[in-house]
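Per the UniProt record's numbering, the sequence shown starts with residue 1, numbered consecutively.
Heads up, the beta-carbon is just placed ideally off N, CA and C, and yes, glycines get one too.
Notes follow the structure.
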Amino acid sequence: MKCMYCGCEDSKVIDSRSTDDGRSIRRRRECSNCGRRFTTFETIESVPLLVVKRDGTRQLFEKEKLKNGIIRACEKRPISMAQIDGVADNIEKALYNSLEQEVSSQKIGDLVMQELKTLDEVAYIRFAAVYRQFKDSATFIEEMRKIFGEKPGGAKQ
Numbered sequence: 001m002k003c004m005y006c007g008c009e010d011s012k013v014i015d016s017r018s019t020d021d022g023r024s025i026r027r028r029r030e031c032s033n034c035g036r037r038f039t040t041f042e043t044i045e046s047v048p049l050l051v052v053k054r055d056g057t058r059q060l061f062e063k064e065k066l067k068n069g070i071i072r073a074c075e076k077r078p079i080s081m082a083q084i085d086g087v088a089d090n091i092e093k094a095l096y097n098s099l100e101q102e103v104s105s106q107k108i109g110d111l112v113m114q115e116l117k118t119l120d121e122v123a124y125i126r127f128a129a130v131y132r133q134f135k136d137s138a139t140f141i142e143e144m145r146k147i148f149g150e151k152p153g154g155a156k157q
């Protein structure tokens, strides 16, 4: 860290502590050249994540929007808000860990479906019906067969 007084690039950290909100670290430093002290703040650099919609438009990723879709799929099901938050957190982590700056809405939908499939089958089917835009009952039945592990002829796999 460059000293603000003499420009020397060598300093040592005397004290470090987290700020009140926990989102940054306050560091007290001492310049090796002039001996003067100064304070720096270290924060996490957040890169915005863009969602590429089906029509090609882009918008910022919003966790609340994701969470609202999951809540709608889980309506009147025995699923706690903590479980819904957990699903949304898992998806958000997966998206940011992918290190991509743009992600398709299809990838997000697939991640939601993976999470809901293990959480609640009814919520999964509700979400899939909207997300996959089922055109008729045959498409719906085919998705049900995938869940319950049946082959198209009706036999179990």
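query, result
"In chain order, what residues of the same chain have a beta carbon less than 8 angstroms from the beta carbon of residue 131, not counting five sequence neighbours either side?", "109, 112 and 113"
"Can you find the residues in the same chain that come closer than 6 angstroms, C-beta to C-beta, to residue 43, ignoring five residues on each side of it along the sequence?", "24"
"Would the region 84-96 and the region 46-65 be scored as touching if the rule is three or more Cβ pairs under 8 angstroms?", "yes"
"Are the region 79-91 and the region 22-40 touching, with three or more C-beta to C-beta distances below 8 angstroms?", "no"
"Can you check whether the CB of residue 128 is closer than 7 angstroms to the CB of residue 115?", "no"
"Express the C-alpha separation of residue 120 and residue 133 in angstroms, rounding to a whole number.", "20 angstroms"
"Can you pull the DSSP bridge partners for residue 10?", "According to DSSP, which records beta bridges pairwise, residue 10 is partnered with nothing at all."
"Excluding the 5 residues preceding and the 5 following residue 69 in the sequence, name in chain order all residues of the same chain whose CB lies nearer than 6 angstroms to its CB.", "none"
"Would you decide whether residue 141 is buried or exposed? Buried here means 16 or more other CB atoms lie within 10 Å of its CB.", "exposed"
"If you run the structure through DSSP and keep just helix, strand and coil, what is residue 47?", "coil"
"Leaving out the 5 sequence neighbours to the left and right, which residues in its chain are closer than 8 angstroms to residue 19 when beta-carbon positions are compared?", "25, 26 and 41"
"Leaving out five residues on either side along the sequence, give the residues of the same chain with a beta carbon under 7 angstroms from the beta carbon of residue 139.", "none"
"So the beta strand (DSSP E) residue 79 belongs to, where does it begin and stop?", "Per DSSP, residue 79 belongs to no beta strand (DSSP E) and is neither H nor E."
"Closest to residue 106 by CA distance: which of 55, 77, 39 and 122 is it?", "55"
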